[in-house]
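Student:
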Amino acid sequence: MGPVTAGVLQLLALTGALALVYIPLGTYMARVYSSKQHLRAERWIYKGIGADPDTEMRWPAYLRGVLAFSAAGVLFLYALQRLQGVLPGSLGFASIDPDQAFNTAVSFVTNTNWQSYYGEQTMGHVVQTAGLAVQNFVSAAVGMAVAVALVRGFARSRSGELGNFWADLVRGVVRILVPLAFVAALVLVACGAIQNFSGIHEVGQFMGGSQQWNGGAVASQEAIKELGTNGGGYFNANSAHPFENPTPFSNLFEIFLILVIPFSLTRTFGVMVGSVKQGYAILATMGTIWLGFVSLMMWAEFSRHGPAFELAGGAMEGKEVRFGLGGSSIFAVSTTVTSTGAVDSFHSSFTGLGGGITLLGMMLGEIAPGGVGSGLYGMLIMAIIAVFIAGLMVGRTPEYLGKKISTREIKLAALYILVTPALVLVFTAFAMALPTPADSMTNSGAHGFSEILYAYTSASNNNGSAFAGLNADTQWFNTTLGIAMLLGRFLPMVFVLALAGSLARQSPVPVTAGTLRTEKPLFTGLLVGAILIITGLTYFPALALGPLAEGLA
Numbered sequence: 002m003g004p005v006t007a008g009v010l011q012l013l014a015l016t017g018a019l020a021l022v023y024i025p026l027g028t029y030m031a032r033v034y035s036s037k038q039h040l041r042a043e044r045w046i047y048k049g050i051g052a053d054p055d056t057e058m059r060w061p062a063y064l065r066g067v068l069a070f071s072a073a074g075v076l077f078l079y080a081l082q083r084l085q086g087v088l089p090g091s092l093g094f095a096s097i098d099p100d101q102a103f104n105t106a107v108s109f110v111t112n113t114n115w116q117s118y119y120g121e122q123t124m125g126h127v128v129q130t131a132g133l134a135v136q137n138f139v140s141a142a143v144g145m146a147v148a149v150a151l152v153r154g155f156a157r158s159r160s161g162e163l164g165n166f167w168a169d170l171v172r173g174v175v176r177i178l179v180p181l182a183f184v185a186a187l188v189l190v191a192c193g194a195i196q197n198f199s200g201i202h203e204v205g206q207f208m209g210g211s212q213q214w215n216g217g218a219v220a221s222q223e224a225i226k227e228l229g230t231n232g233g234g235y236f237n238a239n240s241a242h243p244f245e246n247p248t249p250f251s252n253l254f255e256i257f258l259i260l261v262i263p264f265s266l267t268r269t270f271g272v273m274v275g276s277v278k279q280g281y282a283i284l285a286t287m288g289t290i291w292l293g294f295v296s297l298m299m300w301a302e303f304s305r306h307g308p309a310f311e312l313a314g315g316a317m318e319g320k321e322v323r324f325g326l327g328g329s330s331i332f333a334v335s336t337t338v339t340s341t342g343a344v345d346s347f348h349s350s351f352t353g354l355g356g357g358i359t360l361l362g363m364m365l366g367e368i369a370p371g372g373v374g375s376g377l378y379g380m381l382i383m384a385i386i387a388v389f390i391a392g393l394m395v396g397r398t399p400e401y402l403g404k405k406i407s408t409r410e411i412k413l414a415a416l417y418i419l420v421t422p423a424l425v426l427v428f429t430a431f432a433m434a435l436p437t438p439a440d441s442m443t444n445s446g447a448h449g450f451s452e453i454l455y456a457y458t459s460a461s462n463n464n465g466s467a468f469a470g471l472n473a474d475t476q477w478f479n480t481t482l483g484i485a486m487l488l489g490r491f492l493p494m495v496f497v498l499a500l501a502g503s504l505a506r507q508s509p510v511p512v513t514a515g516t517l518r519t520e521k522p523l524f525t526g527l528l529v530g531a532i533l534i535i536t537g538l539t540y541f542p543a544l545a546l547g548p549l550a551e552g553l554a
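When the sequence shown is numbered by this note's numbering, its final residue is 554 and no position is left out of the sequence of numbers.
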């Protein structure tokens, strides 16, 4: 079997698996967030945190819950890292420096999981399990809660109430993420991923010296790392490491975990707003972009010419032979069109155009299908922009799901789509203009610029993957990337929740003959076009200086 055929078969198998679980998982999540009952374990949690899960919240109260919980997470994780040197189970590792502790705390709380350190040489068992793994669960649940709040904004009328943040948070963890992660961890252990709390030990002699490895609860962290679209690896090689991702099957399974909740949330959206066809329209938009990007990536990586490329079956530099070009291409696209950031190959080693595809996937806003929660609310914001554009073309007040898109709604949507590009481009400009940050680039020219651009695109979009050629463990990058992660996560949430509150206060608008049918293929095409045009106009100059210049050279 040739490498191209193998890649296509993997893509077909992955698509089939996602289709099988789409309806049951999406419907189940809708029931979870619509339920009026509380499990016994959930009642214990509510009692412990002093929350009343039955109190409805308007958007300012919901936002305060999101920000307060996230701020507490940053402080706890920062303190845990700074105290690592005196904690049991630290494997002898020292406490983390202040700038790196800040960067890592912000990174995991914002669902970014950017890592400027070697995991197996820096973090002990306590920080990995009680700190990083816990944030993998709760940061994902926060994103899902905000998405559900926006869906309730469309579904409710004349109330302004969006549910209860604490109930949404706890249910997301207890009823969705923990059960799915438990099953996924068992599958990964069966594939060969390690799961233990062993210390550092030698594994043999290599080139005249010994090599040391430490164990860890890798399979359980790997499961939620992918399922929650987090991305932070136990080891520096991330999902290219055989302890995290041992076989071609585990590689495909991890891609499945990355995509399953973001895609299935479109079903949740359709059920909660009372029209599953609306969910299918959003799913079609996400699926079209994802499949298009995978196809482009495979073409870019398989089509390189020359004896070395032909013997290897494509551009194999920086890729695991266990996974091949097909598995690496699907993984690279899936991790950058979501907010995952996990890697099973080094994106810096991709072809110039292939590296540009990973960049563009993040620049879309990671909405195809995007992160758990963040992908859905990002796509719904783009749907609002699309109906606004359609309204301008026909001279009619835009409507979406029975809600008028007035001046207030379009301003909030516009602010949402402007925040992230502003962070990416401003921070990249400063890093390139100042003398010290540029010293961290491994390469010069267009590829070196791509390293800087990729880092701030990854941080501002809460992705977390790296181009693998930038030394980001400096005070400048630890600090500025941390700021970009904070602003890139929580400023958009402010606009999303404000928009949700505004929509929930409206009365529904009756459907007429002039209403744009947003469940039809025509709207899906309009939405795809709007996303690509807005992203292209925003980022084309930066892409022309980096991956396009390299790819066309």
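The beta-carbon is built from N, C-alpha and C at its ideal position, and this holds for glycine as well.
Terminal residues of the continuous alpha helix (DSSP H) containing residue 11?
Tutor: On the sequence shown, residue 11 is found 10 positions in, with the first residue counted as 1. That run of the alpha helix (DSSP H) goes 4-35.
Student: Could you spell out the range, first to last residue, of the alpha helix (DSSP H) harbouring residue 367?
Tutor: Here residue 367 corresponds to residue number 366 of the sequence shown, with the count starting at 1. Careful: residue 367 lies outside any alpha helix (DSSP H) and carries neither H nor E.
Student: Under three-state DSSP, which class holds residue 401?
Tutor: In the sequence shown, residue 401 corresponds to position 400, counting from 1. If DSSP states are grouped into helix, strand and coil, residue 401 belongs with the strands.
Student: Between the C-alpha atoms of residue 155 and residue 268, what's the straight-line distance to the nearest angstrom?
Tutor: Counted from its first residue, the sequence shown places residue 155 at position 154. Counted from its first residue, the sequence shown places residue 268 at position 267. Rounded to whole angstroms, residue 155 to residue 268 spans 15 Å at the Cα level.
Student: Per the contact definition of three or more C-beta pairs closer than 8 Å, is the segment 69-86 in contact with the segment 99-115?
Tutor: Short answer: they touch.
Student: Between residue 144 and residue 529, what straight-line distance do the alpha-carbon atoms span, to the nearest angstrom?
Tutor: Sequence index remark: in the sequence shown, residue 144 carries index 143 (1-based). Sequence index remark: in the sequence shown, residue 529 carries index 528 (1-based). If you take the alpha carbons of residue 144 and residue 529, they lie about 23 Å apart.
Student: Would you tell me roughly how many angstroms separate the C-alpha atoms of residue 21 and residue 257, rounded to the nearest one?
Tutor: Here residue 21 is taken as the residue at index 20 of the sequence shown, counted from 1. Here residue 257 is taken as the residue at index 256 of the sequence shown, counted from 1. Their Cα atoms are separated by approximately 12 Å.
Student: Can you give the Cα-Cα distance for residue 469 and residue 31, rounded to whole angstroms?
Tutor: By one-based count along the sequence shown, residue 469 stands at place 468. By one-based count along the sequence shown, residue 31 stands at place 30. So the alpha carbons of these two residues sit roughly 39 Å apart.
Student: Pull up the CB-CB distance for residue 92 and residue 200, whole angstroms please, since I reckon it's below 8 Å.
Tutor: The count along the sequence shown starts at 1 and reaches residue 92 at position 91. The count along the sequence shown starts at 1 and reaches residue 200 at position 199. Indeed, because the Cβ distance is near 6 Å, the residues count as touching under 8 Å.
Student: State the Cα-Cα distance for the pair residue 450 and residue 388, rounded to the nearest angstrom.
Tutor: As a working note, residue 450 is residue 449 in the sequence shown. As a working note, residue 388 is residue 387 in the sequence shown. Those two C-alpha atoms are separated by around 36 Å.
Student: Looking only at DSSP bridge pairs, what is residue 346 linked to?
Tutor: Locating residue 346 in the sequence shown gives position 345, counting from the first residue. Partner(s): 320.
Student: Return the chain-ordered list of same chain residues with a C-beta closer than 7 Å to the C-beta of residue 274, the five sequence neighbours on each side being excluded.
Tutor: Taking the sequence shown and counting its residues from 1, the one referred to as residue 274 is at position 273. Here the set comprises 152, 155, 156, 402.
Student: Cutting at 6 Å between CB atoms, please list the residues of its own chain near residue 88, excluding the five before and the five after it.
Tutor: Here the question's residue 88 lines up with position 87 in the sequence shown. Excluding sequence neighbours, residue 88 sits near 127.
Student: Quick test of your reading: residue 406 and residue 382, contact by CB under 8 Å. State the CB separation rounded to the nearest angstrom.
Tutor: By 1-based counting over the sequence shown, the position of residue 406 is 405. By 1-based counting over the sequence shown, the position of residue 382 is 381. No, residue 406 and residue 382 are not in contact; Cβ-Cβ is about 11 Å, not under 8 Å.
Student: Mind checking which residues open and close the alpha helix (DSSP H) that includes residue 380?
Tutor: Locating residue 380 in the sequence shown gives position 379, where the first residue counts as 1. Note, residue 380: alpha helix (DSSP H), 375-395.
Student: Leaving out the 5 sequence neighbours to the left and right, which residues in its chain are closer than 7 Å to residue 518 when beta-carbon positions are compared?
Tutor: What you label residue 518 is simply residue 517 of the sequence shown in a count that begins at 1. Within the same chain, residue 518 has close Cβ partners 524.
Student: Taking the beta carbon of residue 555 as the centre, do at least 16 other beta carbons fall within 10 Å, making it buried, or is it exposed?
Tutor: This structure cannot settle anything about residue 555, because the visible part of the chain is limited to 2 through 554.
Student: Between residue 63 and residue 498, is the Cβ-Cβ spacing less than 7 Å?
Tutor: One-based indexing of the sequence shown puts residue 63 at position 62. One-based indexing of the sequence shown puts residue 498 at position 497. Taking 7 Å as the Cβ cut-off, residue 63 and residue 498 qualify as a contacting pair.
Student: Under 8 Å: do the segment 49-62 and the segment 368-382 share three or more Cβ pairs, one atom per stretch?
Tutor: Too few Cβ pairs lie closer than 8 Å, so no.
Student: I'd like to check one pair, residue 359 with residue 428: are the Cβ atoms closer than 7 Å?
Tutor: In the sequence shown, residue 428 corresponds to position 427, counting from 1. In the sequence shown, residue 359 corresponds to position 358, counting from 1. No, the pair does not count as a contact, with Cβ atoms beyond the cut-off.
Student: For residue 560, I'd like the list of residues in its chain whose CB is within less than 8 Å of its CB, leaving aside the five on either flank, ordered along the chain.
Tutor: Because residue 560 is not part of the residues shown, which for the chain are 2 to 554, the question remains open.
Student: Which runs of the alpha helix (DSSP H) spanning at least 4 residues fall entirely within the segment 120-159, listed in chain order?
Tutor: Fully enclosed alpha helix (DSSP H) runs of 4 or longer: 120-123, 135-156.
Student: Express the C-alpha separation of residue 255 and residue 520 in angstroms, rounding to a whole number.
Tutor: What you label residue 520 is simply residue 519 of the sequence shown in a count that begins at 1. What you label residue 255 is simply residue 254 of the sequence shown in a count that begins at 1. The alpha-carbon atoms of residue 520 and residue 255 are separated by roughly 31 Å.
Student: Would you mind reading off the limits of the alpha helix (DSSP H) that contains residue 226?
Tutor: The residue labelled residue 226 in the question sits at position 225 within the sequence shown. Note, residue 226: alpha helix (DSSP H), 219-228.
Student: Among 175, 473, 410, which has the Cα closest to the Cα of residue 432?
Tutor: Reading the sequence shown from its first residue, position 431 is the one you call residue 432. Looking at the Cα atoms, 473 is the closest of the given residues.
Student: Would you give the residue range spanned by the alpha helix (DSSP H) that residue 476 belongs to?
Tutor: Taking the first residue of the sequence shown as 1, we reach residue 476 at position 475. Run containing residue 476: 476-506, per the alpha helix (DSSP H) assignment.
Student: Please report how far the alpha carbon of residue 119 lies from the alpha carbon of residue 150, in whole angstroms.
Tutor: Translated into the one-based positions of the sequence shown, residue 119 becomes position 118. Translated into the one-based positions of the sequence shown, residue 150 becomes position 149. C-alpha separation (whole angstroms): 37 Å.
Student: Alpha carbon to alpha carbon, how far is residue 284 from residue 556? Give it in angstroms, no decimals.
Tutor: The question about residue 556 has no answer here: the residues shown for the chain are numbered 2 through 554.
Student: What does residue 59 pair with, by DSSP beta-bridge criteria?
Tutor: What you label residue 59 is simply residue 58 of the sequence shown in a count that begins at 1. Partner(s): 162.
Student: With a cut-off of 8 Å, do at least 3 Cβ pairs link the segment 182-197 to the segment 64-75?
Tutor: Because the criterion of three Cβ pairs below 8 Å is not met, the segment 182-197 and the segment 64-75 do not touch.
Student: Looking at the structure shown, is residue 202 part of a helix, part of a strand, or coil, going by DSSP?
Tutor: For this step, residue 202 is matched to residue 201 along the sequence shown. Residue 202 falls in the strand class under three-state DSSP.
Student: Grouping DSSP H, G and I as helix and E and B as strand, with all else coil, what is residue 38?
Tutor: The residue labelled residue 38 in the question sits at position 37 within the sequence shown. Reduced to three states, the DSSP call for residue 38 is coil.
Student: Rounded to whole angstroms, what's the CA-CA distance from residue 321 to residue 248? Just pull it up for me.
Tutor: Within the sequence shown, numbered from 1, the residue matching residue 321 stands at position 320. Within the sequence shown, numbered from 1, the residue matching residue 248 stands at position 247. Their backbone Cα atoms lie some 10 Å apart in a straight line.
Student: Measure the Cβ-Cβ separation of residue 466 and residue 336 and say whether it is below 7 Å.
Tutor: Residue numbering aside, residue 466 sits at position 465 when the sequence shown is read from its first letter. Residue numbering aside, residue 336 sits at position 335 when the sequence shown is read from its first letter. Going by C-beta atoms, residue 466 is nearer than 7 Å to residue 336.
Student: Rounded to the nearest angstrom, what separates residue 12 and residue 334 at their Cα positions?
Tutor: Within the sequence shown, residue 12 is the residue found at index 11, counting from 1. Within the sequence shown, residue 334 is the residue found at index 333, counting from 1. Rounded to whole angstroms, residue 12 to residue 334 spans 12 Å at the Cα level.
Student: For the structure I just gave you, are there three or more beta carbon pairs, one from the segment 408-424 and one from the segment 484-493, closer than 8 Å?
Tutor: Segments in contact, yes.
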